[in-house]
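Here is the structure we will look at, set down as structure tokens.
Number of protein chains: 2
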Amino acid sequence: MESNDKPQSIHQVTRRALLGAGAAAGASLAMGGAAQSAPLDVPETWDEEVDVIVVGTGFAGLAAAYEAKKAGATVALLEKMRTPGGNSIISGGVIAAAGSPLQAEQGIEDSVDSLYDDMLKAGLYLNHPKLARTVAEKSVETVQWTIDELGVEYRGLAHMGGHAVPRSYALSAASGSGIVVPQLDKLKEMGVEPRTRTLLKRLIRDGEGRVKGVLVHEKFKHPDMESGTPKTIKAKRAVVMATGGFGNDPAFREMQDPRLGEGLDTTNQPGATAEALREALDIGCMLIQPSWIQLGPWTSPDERGFGMAPHFVQGITASYGLWVDTKTGKRFVNELADRKTRADAILKTGNPCIAFSDSEGYAKGTTGRPTDNRGKMKKAGVLREYQSLEEMVEDFDIPLDELKSTVEAFNAGVDKGDDAEMGRYMPKNIGKIGKPPFYAVRLSPKIHHTMGGCGINEKAQALDVKTGAPIVGLYVAGEAAGGVHGASRLGSCAYADCLTFGRIAGQNAAAEADWG
Amino acid sequence: MESNDKPQSIHQVTRRALLGAGAAAGASLAMGGAAQSAPLDVPETWDEEVDVIVVGTGFAGLAAAYEAKKAGATVALLEKMRTPGGNSIISGGVIAAAGSPLQAEQGIEDSVDSLYDDMLKAGLYLNHPKLARTVAEKSVETVQWTIDELGVEYRGLAHMGGHAVPRSYALSAASGSGIVVPQLDKLKEMGVEPRTRTLLKRLIRDGEGRVKGVLVHEKFKHPDMESGTPKTIKAKRAVVMATGGFGNDPAFREMQDPRLGEGLDTTNQPGATAEALREALDIGCMLIQPSWIQLGPWTSPDERGFGMAPHFVQGITASYGLWVDTKTGKRFVNELADRKTRADAILKTGNPCIAFSDSEGYAKGTTGRPTDNRGKMKKAGVLREYQSLEEMVEDFDIPLDELKSTVEAFNAGVDKGDDAEMGRYMPKNIGKIGKPPFYAVRLSPKIHHTMGGCGINEKAQALDVKTGAPIVGLYVAGEAAGGVHGASRLGSCAYADCLTFGRIAGQNAAAEADWG
Chain A
241 MESNDKPQSI HQVTRRALLG AGAAAGASLA MGGAAQSAPL DVPETWDEEV
291 DVIVVGTGFA GLAAAYEAKK AGATVALLEK MRTPGGNSII SGGVIAAAGS
341 PLQAEQGIED SVDSLYDDML KAGLYLNHPK LARTVAEKSV ETVQWTIDEL
391 GVEYRGLAHM GGHAVPRSYA LSAASGSGIV VPQLDKLKEM GVEPRTRTLL
441 KRLIRDGEGR VKGVLVHEKF KHPDMESGTP KTIKAKRAVV MATGGFGNDP
491 AFREMQDPRL GEGLDTTNQP GATAEALREA LDIGCMLIQP SWIQLGPWTS
541 PDERGFGMAP HFVQGITASY GLWVDTKTGK RFVNELADRK TRADAILKTG
591 NPCIAFSDSE GYAKGTTGRP TDNRGKMKKA GVLREYQSLE EMVEDFDIPL
641 DELKSTVEAF NAGVDKGDDA EMGRYMPKNI GKIGKPPFYA VRLSPKIHHT
691 MGGCGINEKA QALDVKTGAP IVGLYVAGEA AGGVHGASRL GSCAYADCLT
741 FGRIAGQNAA AEADWG
Chain B
241 MESNDKPQSI HQVTRRALLG AGAAAGASLA MGGAAQSAPL DVPETWDEEV
291 DVIVVGTGFA GLAAAYEAKK AGATVALLEK MRTPGGNSII SGGVIAAAGS
341 PLQAEQGIED SVDSLYDDML KAGLYLNHPK LARTVAEKSV ETVQWTIDEL
391 GVEYRGLAHM GGHAVPRSYA LSAASGSGIV VPQLDKLKEM GVEPRTRTLL
441 KRLIRDGEGR VKGVLVHEKF KHPDMESGTP KTIKAKRAVV MATGGFGNDP
491 AFREMQDPRL GEGLDTTNQP GATAEALREA LDIGCMLIQP SWIQLGPWTS
541 PDERGFGMAP HFVQGITASY GLWVDTKTGK RFVNELADRK TRADAILKTG
591 NPCIAFSDSE GYAKGTTGRP TDNRGKMKKA GVLREYQSLE EMVEDFDIPL
641 DELKSTVEAF NAGVDKGDDA EMGRYMPKNI GKIGKPPFYA VRLSPKIHHT
691 MGGCGINEKA QALDVKTGAP IVGLYVAGEA AGGVHGASRL GSCAYADCLT
741 FGRIAGQNAA AEADWG
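Protein chains in written order, with the numbering used here: chain A, 241 to 756; chain B, 241 to 756.
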């Protein structure tokens, strides 16, 4: 029989809610997060209408807003927190580009394939190939765009863990603010300003599956999810979700990885929670690979959040120093391995571990700081300084002879440019470790990035959980999307991902057909 | 302001669909899988009503139906395929029980903690602790239930990979039919028979979040997802989803692990697809850990599906034989390691690998077959027989001296009961390998089990994606649920999981408050 020739009974249905749909929406608001809320129907009238709604003001959201506005769309740019920038503005300040002008200047050979291979290797080959390749292919263009369009300034190349060669442009500003601030300035010039304290409460999807707008709460007071004033905004073309990851959402993290619930520190800002992702899933986005949650290996237990330690640990000790297990005095991982490899290795030792360098190593590395911040780090108790290895081993209770053997074995390979023990990449200016003072940081991995998220295609279109097909009117970019990084994201690839897919999302959102 | 004191605009909404809800459902049916379908509203009249609807007739569904019926509920037991049993009926025939009577008879010490620890170790500690512990704690009770209530017959203990000790009851029937058939017989006695060719098309959830029934297609013809006749069934108490995994759904697999799309063989039956899971997610279930997809390590490329090889490979060669890389002639993994460890190790060699035993090993192992099926396996080209190691190495192009060294090294440990190379558990009746004929099977991992699925709590209640709270009226059990096994399921733990949580789901579904 034809499927539209059905028995009578399924034609005779009541409405889902006894109340009108608006009242149902009100009821869900009143009930708060505890009760399930029915899907919102499309309002007859909206409080406001624009072409494109962008939710989130990290790299991806700001890049999407820029491209949508540039393409002639009217844009509403929403941010739930009091200030824009999300995790991006507090992030480490490095962006991967494969085959860049800076690499050419320094005689470093690189290619799109090499970056792609590194991403897949770190990602345990769980990366969605087309997504990872898009990021690798556009990496140089993306950096160039930040320079040409935004005036972003860089001051050199860094070698991030898991990358075959130094290929990560280091921001002069030494943090993501070096891109976010120019993005915000540029948008202001173009007439788009972030509406802070505006929470995405509901996505509104119609019966044919198109996303048509949002319900927000203005004057939202984080973290009170019921605070603020409801308002509907119509998206005549599309909504871009650039709402970030869930690294600071213990309940959601714990569902996907029961080891990572309450009580673990994270590098993420307080707004890195899952309510927008939950809403996207509730209206039918496909969730992919959510149990892959990255711990940053370079954080310190002696400060909260991301802090100051990572710049020292990654920029100096990973290339010019050593990481050792204090119990054994031995190295336990290639200090330039990808993040997952290193974080897993630290945890596997079961012992306190440190990262240290000597004074020459300190001078050679890229601290990520425009000025020397050793004093500040020491004052905060994060960095410790020693006049000799003997003094250092005493502080951490490291077996001295073992540590000396470790340093000697490493130094023996320095002249040959060969790290026999761990196979670490040796920079040309590597030197033997030995000149005091020595600097050390204690290591303690913290939750840093959530690789999973909404399934998207290479146009940044969200994919429907029922059909796998694109959801018309909904784009997802940045950490809110899954699949680019597979099991583990390489350092400096989030910048490339967020800016590249943010731009793609903004361009495609502006080009979506106007539904009215 | 109070959140129920909202601006006018969000009260003034149109219905989501221009059509009535019944017509909208019809439209979605007519449009097929390509278009997104709006949530179904609760029908005013239903074609049928029962207390509990159970979807799926593998171990979990049949156990749920049994318990619900036993508790006095009326039960509709739905199965989309022509015959009941799902993957369960074709599965390997072993069920884990920790601290069982059979173990006591054989002097094997075991405990709930030991099984729990093995599950978590294999699961890379991603298992939801309460779910894994429930399975371990109830494992003996569950096996006893199959004996006492169903009259299931067992014929000994098997030692499955990743288990500290032999603890898996081997069915006399040598496949899951040894439990499924008694389950079906018992249910028939109780007046419940599976309704085959009945596809779960939609779950119906009301505006307050309660699941109230289903839309099915009767006379469904797999795999035509639009075939059959629509019918609504009201579940006055609850719906139990026991719809299995997605091991035979390349599109869904590929979303979660891009390496595992089309073209890979699977041990799963053709109905092991994701449409029911997609529907559960669409009405708001939380999806957890979906990218963990298990490959069975003991399958052969010389036959399709699960086939005959696994019983020989696991039951004989893993305890009494050896697995070798044909290129090197060396062992490459503990043959009794968990499935993930072994499948990963096979793939990592990059070379053809075989599992073999000598004739004494063959006699000592548990083939899982009531009668000798060597002849049948040989005829099918799955098992190869050799009168000497020389003959075997010639067939597979193995370096003879290397293989001989491998066998000698293993044999040297046999007297001491110590596998120095791989640390494999040595059964008391282990003997030296050497007595011809030798039997060998080629190894080629196939997709076997999907660990992820709907998030549930220890009552088998499905969890809401927005709130994390239980969805009233919806239970999920068996492979359709996620979290019990974490990253990798141990052999014989699916039986324990499916029967235990199937029973829990059935009991709780029957006890759910009647909504009318």
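Think of the CB as a built atom: it goes at the ideal place given N, C-alpha and C, for glycine as much as any other residue.
Query	Result
Proximity test, Cβ basis, 7 Å: L439/A and chain B	no
T472/B beta carbon less than 7 Å from that of K459/B	no
CB of L822/A within 7 Å of CB of P490/A, strictly	A query on residue 822/A cannot be resolved here, the shown segment of chain A reaching from 241 to 756 and no further.
Per-residue contacts from Y365/A into chain B (C-beta, under 9 Å)	D497, P498, R499
Any chain B beta carbon closer than 7 Å to P279/A	yes
Among G746/A, A478/A, A514/A, nearest to G487/A - alpha-carbon criterion	A514/A
Contact under 7 Å by Cβ, G713/A with E307/A	no
8 Å contact criterion, which T225/B and T436/B should meet: CB distance rounded	As shown, chain B starts at 241 and ends at 756. That puts residue 225/B outside it, with no answer to give.
Against chain B: residues of the stretch 521 to 534 of chain A by CB proximity under 8 Å	L521, D522, G524, M526, L527, I528, Q529, P530, S531, W532
D704/A, DSSP secondary structure in three states	strand
S628/B - DSSP class collapsed to helix/strand/coil	coil
G708/A to V432/A span [Cα, whole Å]	33 Å
Within 8 Å of chain B by C-beta, residues of the stretch 706 to 717 of chain A in sequence order	K706, T707, G708, A709, I711
Where L640/B falls, given that 16 or more other Cβ within 10 Å makes a residue buried	exposed
Length of the line joining the Cα atoms of S645/A and P406/B	45 Å
For T469/A, three-class secondary structure by DSSP	strand
Opening and closing residue of the beta strand (DSSP E) in which V295/B lies	288 to 295
Beta carbon of S732/A nearer than 7 Å to that of T539/A	no
Within-7 Å CB hit, H688/A to chain B	no
Partners in chain B for R518/A, counting only beta-carbon separations shorter than 7 Å	V705, K706
Inside the stretch 336 to 410 of chain B only - beta strand (DSSP E) runs reaching at least 3 residues	394 to 398
Residues from the stretch 367 to 396 of chain A in contact with chain B, defined by Cβ distance under 8 Å	N367, H368, P369
Backbone CA spacing between E752/B and L366/A [nearest angstrom]	41 Å
Reference W286/B, options S559/B, T606/B, L455/B, closest by Cα	L455/B
Counted within 10 angstroms of its Cβ, other Cβ atoms place P537/B as buried (16 or more) or exposed	buried
Three-way DSSP call (helix, strand, coil) for H551/B in this model	helix
Outcome for D358/B when other beta-carbon atoms lying within 10 angstroms are tallied against a minimum of 16	buried
Which listed residue (G653/A, A303/A, A577/A, I329/A) has its alpha carbon closest to that of G401/A	A577/A
Residue-chain proximity (A750/A, chain B), Cβ-Cβ < 7 Å	no
Option nearest A652/A by Cα separation, candidates E289/A, G671/A, V292/A, R445/A	G671/A
Cutoff 7 Å: G695/B Cβ touching any chain A Cβ	yes
Within 7 Å, strictly: CB atoms of G363/B and G726/B	yes
Three-way DSSP call (helix, strand, coil) for I687/B in this model	strand
Per-residue contacts from A491/A into chain B (C-beta, under 7 Å)	G708
Cβ of G447/B within 7 Å of any chain A Cβ	yes
contact_flag[the stretch 554 to 567 of chain A, the stretch 555 to 564 of chain B] where n(CB pairs < 8 Å) is 3 or more	no
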